[in-house]
Structures are given as C-alpha cells and as structure tokens.
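J.:
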Amino acid sequence: MNTTRFSEDRQDVFWIVGAGQAERHATTMRPGAVYAGQCVVALCDVRIKIPQPTPLGRDPQTKKVSRKCPACEGIAEVKNYAETCWDF
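Taken in order, the sequence shown gives residues 1 to 88; the numbers are from full-length UniProt numbering.
#1: Are Ala26 and Lys68 touching if we call contact CB-CB under 9 Å?
#2: Should Cys39 go down as buried or exposed, given a rule of 16 or more other Cβ atoms within 10 Å for buried?
#3: Under DSSP, the alpha helix (DSSP H) around Cys72 begins and ends at which residues?
#4: When we look at the beta-carbon of Pro51 and count the other beta-carbons within 10 Å, is it buried (16 or more) or exposed?
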C-alpha cells in the first residue's frame, strides 16, 4: 500500500489586535481558546491581552487595523506559517 503525506505541514499563526494596541501581533495560540483578559505571547515575545468579544450585530473595531508588527511578520515569513487575521 502506498501512503502519501501532505506535501507541507504548516503551523497556524493568528494575527490579532490586543486590547489597547494599534497593530496586529502574531501568535500560535488560537485566540478563541483563551478567555477575554488573558495574555498570550506573540511571536516577537510581546504579551497581548485578549480583548472582550464584540456584541452580536456589530463589526469588531479591529477589522480596520491592517498594520502588522514587523518582528512578528518577519518570523511568520521565515517559518512559513499559515496566517489568519482574527478579530473579536
């Protein structure tokens, strides 16, 4: 029997805007797996505080934030992460 593997296994990275921040940082921790107010560590070693979820029927204000942390961006590119923007 011939078994084939996926040609590439990539780790996910999530671009989020932490509470009180004005740019996106990348983290390998799935933001939905942690509670609001908890801190997670970004690729650049900055601690990001998970914001409160946006009430139903509203768009998250962070959707407009497109600026990414240059340090996180460089690490994500070098390590070839699968990237997702995540808004609360």
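All C-beta atoms, glycine included, are put in the ideal place defined by N, C-alpha and C.
T.: So, to answer that:
#1: yes
#2: By the neighbour-count rule (16 or more Cβ atoms within 10 Å), Cys39 is not buried but exposed.
#3: Pro70 to Val78
#4: buried
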